[in-house]
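Comments concern the structure below.
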Amino acid sequence: MKRTIKLAVVAALALGATSAFATNGATMIGYGAKSFGMGGTGIGVGHGAESALANPAMITTIKGKNEVSFGGTVFMPDIETTNDLTGVGGASGTGESKSDFFVIPSVSLASKVNDNFYWGIGMWGTGGLGVDFRNDSNEDMMKMVTALQTMQFGVPLAYTNSGFTVAATPIVQYSSLDINYQMPAAFGGTEVGSGVAQDVAVGYNLGLAYVTNGLTLGAVYKSKIKFDIQNVLDSAIGAMTNLGQAPAYSQDEMATPAEYGVGISYTTAGHTLAIDYKNIAWSDAEVYQDFGWEDQDVFAIGYEYKTDKWAARAGYQYAKGAVQDNSGKGLYLDTNNPGLTNTFNLLGFPGTQESHITLGGTYAFNETISLDVAAVFGLENKETFTNFGGADITNKHSEQGYSVQLNYAF
121 MKRTIKLAVV AALALGATSA FATNGATMIG YGAKSFGMGG TGIGVGHGAE SALANPAMIT
181 TIKGKNEVSF GGTVFMPDIE TTNDLTGVGG ASGTGESKSD FFVIPSVSLA SKVNDNFYWG
241 IGMWGTGGLG VDFRNDSNED MMKMVTALQT MQFGVPLAYT NSGFTVAATP IVQYSSLDIN
301 YQMPAAFGGT EVGSGVAQDV AVGYNLGLAY VTNGLTLGAV YKSKIKFDIQ NVLDSAIGAM
361 TNLGQAPAYS QDEMATPAEY GVGISYTTAG HTLAIDYKNI AWSDAEVYQD FGWEDQDVFA
421 IGYEYKTDKW AARAGYQYAK GAVQDNSGKG LYLDTNNPGL TNTFNLLGFP GTQESHITLG
481 GTYAFNETIS LDVAAVFGLE NKETFTNFGG ADITNKHSEQ GYSVQLNYAF
């Protein structure tokens with residue numbers, strides 16, 4: 121048992137050095153291959169050890185007394201941006217981001233102590249966002265390079281009795297942020313960037329579940345987690361302040377937004393249908409609120425057919441993009457050139473994805489070992505806003521993601 125835990129932690133740390141990409145703004149649509157296969161559902165349906173982040177109350181659905189899941193997801197975003205800066209003496213052109221391959225790890229363990237108490241431990245890549253136009257010859261791409269990464273370590277604790285379960289997960293989050301770009305030649309061609317900011321912060325998740333006669337109800341709350349970004353954003357905006365494109369700006373904290381959600385599922389004769397709803401509070405999260413990100417209402421539906429040896433899954437998830445046109449708004453909503461906010465959002469942090477179609481499955485080699493796979497397809501979304509030059513900036517964004525997860529129950 122102790123050896124298994126040590127292996128899980130080592131694997132997560134090794135994978136955690138890679139970057140992450142996300143699909144609902146800057147967060148994942150789900151956590152784990154089973155969840156991905158069912159449209160990201162997991163609040164009102166149990167997926168065993170991998171349930172710790174979606175709803176910690178669902179770790180009570182593990183198979184056997186102990187369950188360990190080792191997983192990895194490869195995300196491949198396709199981001200194309202067209203930016204017209206001719207109005208401010210620049211150029212107009214189209215570039216494709218080279219940040220197009222990301223590995224997202226997940227390692228989870230859950231254990232049944234007795235009929236009433238369960239606990240677990242895990243590490244998960246939980247989100248991120250970024251682009252890379254550093255080698256693009258088009259001046260209008262501003263050689264923009266951004267990278268936001270978050271990884272969480274948690275210990276889910278659950279108490280269950282007569283079908284009711286209450287749970288909590290203390291969270292330790294590692295975050296990093298980097299922003300680099302080059303001003304257009306008309307603005308001096310200055311290179312902007314102050315290096316990578318890294319921080320460790322804490323938060324918590326709370327979960328509830330009730331199970332009766334094949335029906336499962338769930339609810340979850342995730343706290344906002346603030347972390348230090350030092351002077352990364354101050355430096356990025358400060359270059360524009362010096363050119364009269366932005367007011368003085370100072371923000372040394374960023375936040376992973378709070379979430380709340382509910383879910384329901386029903387299982388009969390091997391068939392399971394699950395529906396989740398959650399709200400992501402971007403408008404109350406430091407930095408995101410300054411850039412006009414809007415709260416997301418996320419709707420997910422998933423289906424599973426399961427036998428003793430295999431399972432097949434499919435799902436769909438939709439949420440209106442967190443990034444919307446800030447015309448008439450801006451940093452601090454009304455004191456900044458709104459086009460600058462639009463430019464940073466669509467060129468540097470395009471959290472524009474909306475619709476996802478998912479497929480997945482499981483094969484059980486025996487009673488203790490099984491393998492999960494999943495595929496996520498983020499349908500192309502196109503947004504056109506007004507940039508800081510008073511012309512159009514257009515972003516096209518689609519994604520593919522493929523997950524593999526090995527489960528060991530003992």
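Counting from 121, one number per residue, gives the positions in the sequence shown under the numbering used here.
Backbone N, C-alpha and C fix where the C-beta goes; we use that ideal spot for every residue, glycine too.
In this text, all values refer to a predicted model and were calculated from it rather than measured experimentally.
- CA-to-CA, the gap between Ala494 and Ala431 works out to about 11 angstroms.
- For Pro458, the enclosing alpha helix (DSSP H) stretches over residues Pro458 to Thr463.
- Excluding five sequence positions before and after Lys502, the CB atoms of its chain that fall closer than 6 angstroms to its own CB belong to Lys516, given in chain order.
- If you check the CB distance, Val316 and Val292 do not come in under 7 angstroms.
- When beta bridges are read from the DSSP output, Arg433 appears opposite Glu424 and Gly480.
- Within the stretch 256-344, no complete alpha helix (DSSP H) segment of 4 residues or longer occurs.
- Taking a contact as a CB-CB distance under 8 angstroms, the pair Gly248 and Ala442 does not count as one, their CB atoms being some 14 angstroms apart.
- One thing to note: Leu229 has its Cβ within 7 angstroms of the Cβ of Ala169.
- In this structure, Thr280 and Asn236 form a Cβ contact; the two beta carbons are roughly 6 angstroms apart against a cut-off of 8 angstroms.
- Two segments are said to touch when three or more pairs of C-beta atoms, one from each, lie closer than 8 angstroms; by this definition the stretch 264-275 does not touch the stretch 480-490.
- In the DSSP assignment, Thr361 falls within the alpha helix (DSSP H) that extends over Val352 to Thr361.
- In this structure, DSSP gives Glu406 a state outside helix and strand, which the three-state scheme calls coil.
- Contact between the stretch 510-527 and the stretch 177-192 is present: 3 or more CB-CB pairs across the two stretches fall below 8 angstroms.
- Residue state for Val208 is assigned as helix, using DSSP reduced to three classes.
- According to the DSSP secondary-structure assignment, His517 is paired through a beta bridge with Ile199 and Asn501.
- Gln318 and Glu379 have their C-alpha atoms some 23 angstroms from each other.
- In this structure, DSSP gives Ile489 an extended state, which the three-state scheme calls strand.
- Between Pro290 and Lys344, the C-beta gap is not smaller than 7 angstroms, which leaves the two residues out of contact.
- In the displayed model, Leu466 falls within a helix according to three-state DSSP.
- Where Ser155 is concerned, the enclosing alpha helix (DSSP H) starts and stops at Ala153 to Gly157.
- DSSP places Lys232 inside the beta strand (DSSP E), whose first and last residues are Phe222 to Lys232.
- Per the coordinates, the alpha-carbon of Gly245 lies some 22 angstroms from the alpha-carbon of Asn186.
- A residue is called buried once 16 or more other Cβ atoms fall within 10 Å of its Cβ, and Gly334, having fewer, is exposed.
- Remark: C-beta atoms of Ser219 and Val251 approach each other more closely than 7 angstroms.
- The beta carbon of Asp415 sits closer than 7 angstroms to those of Asn399, Ile400, Ala401, Trp402 and Ser403, all from its chain and outside the five residues before and after it, given in chain order.
- Taken atom to atom, the span from the alpha-carbon of Phe222 to that of Glu519 is near 11 angstroms.
- Assigned with DSSP and collapsed to three states, Ser171 falls in helix.
- The continuous beta strand (DSSP E) containing Lys398 extends over residues His391 to Ile400.
- Nearest C-alpha to Thr266 among Gly510, His476 and Phe464: Phe464.
- Taking all protein chains in view, the Cβ of Leu297 is crowded by 16 or more other Cβ atoms within 10 Å, so the residue is classified as buried.
- The stretch 253-263 and the stretch 147-163 do not touch, with fewer than 3 CB-CB distances between them shorter than 8 angstroms.
- With fewer than 16 other CB atoms across the displayed protein chains lying within 10 angstroms of its CB, Gly207 is exposed.
- Leaving aside the five residues that flank Lys429 on each side, the residues in its chain whose CB is nearer than 8 angstroms to its CB run, in chain order, Tyr483 and Ala484.
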